[in-house]
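First up is the structure itself, then whatever we jot down about it.
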Amino acid sequence: MMGNLVPFLVQWGLTSLSLWVASYLFSGLRFADGGSLLIAALLLGFANAVVKPLLILFTLPLTVLTMGLFLLVVNALVLMLVSALVSGFTISSFWTAFFASIFISLFSLFISGMLF
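The opening position of the sequence shown corresponds to residue 2 in the numbering used here, with each subsequent residue numbered one higher.
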């Protein structure tokens, strides 16, 4: 049990940190409080594990046609979905979500690369 919990908590922490830093870099991405940040990070992890693969499957022809660039749009849509579901988490526009999702992905990759 504990073996599965630690990686989950580390990933949740990395996602929370990434969202928190993104909220300081992107003026259109805001959290009302720490609770909404933690819930958004948890829901983003769930959405990336469950919803995102389904979106990728449904948009596969478009993804192939754009040579994978449409995946950036999928990432932004998943982030916007999370903001719609979490009270206290707001994103001002699609473009904010688009660039913030790129930053969050790269920042998480960088930090996890430094840790592991």
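All C-beta atoms, glycine included, are put in the ideal place defined by N, C-alpha and C.
Residue range of the unbroken alpha helix (DSSP H) whose run includes residue i
i     : result
Phe71 : 71-86
Thr60 : Counting along the chain, Thr60 falls outside any alpha helix (DSSP H), and DSSP gives it neither H nor E.
Residue of the options minimising C-alpha distance to residue i
i     : options              : result
Thr16 : Gly29, Gly4, Ala48   : Ala48
Ala85 : Leu110, Leu45, Gly69 : Leu45
Supposed contact pair residue j and residue i - C-beta distance, whole angstroms, cut 8 Å
i      : j      : result
Thr67  : Ile57  : Wrong, their Cβ atoms sit about 13 Å apart, outside the cutoff.
Met115 : Ala98  : About 26 Å; that fails the 8 Å criterion.
Leu18  : Ile112 : 7 Å
Contact under 8 Å by Cβ, residue i with residue j
i     : j     : result
Phe95 : Ala77 : yes
Gly89 : Ser28 : no
Residue i at chain C interface by Cβ criterion, 8 Å
i     : result
Leu20 : Looking for chain C here will not work: only one protein chain is present.
Local conformation of residue i per DSSP, three classes
i     : result
Thr91 : strand
Phe9  : helix
Endpoints, the beta strand (DSSP E) within which residue i is located
i      : result
Phe117 : Element bounds for Phe117: n/a, residue is neither H nor E.
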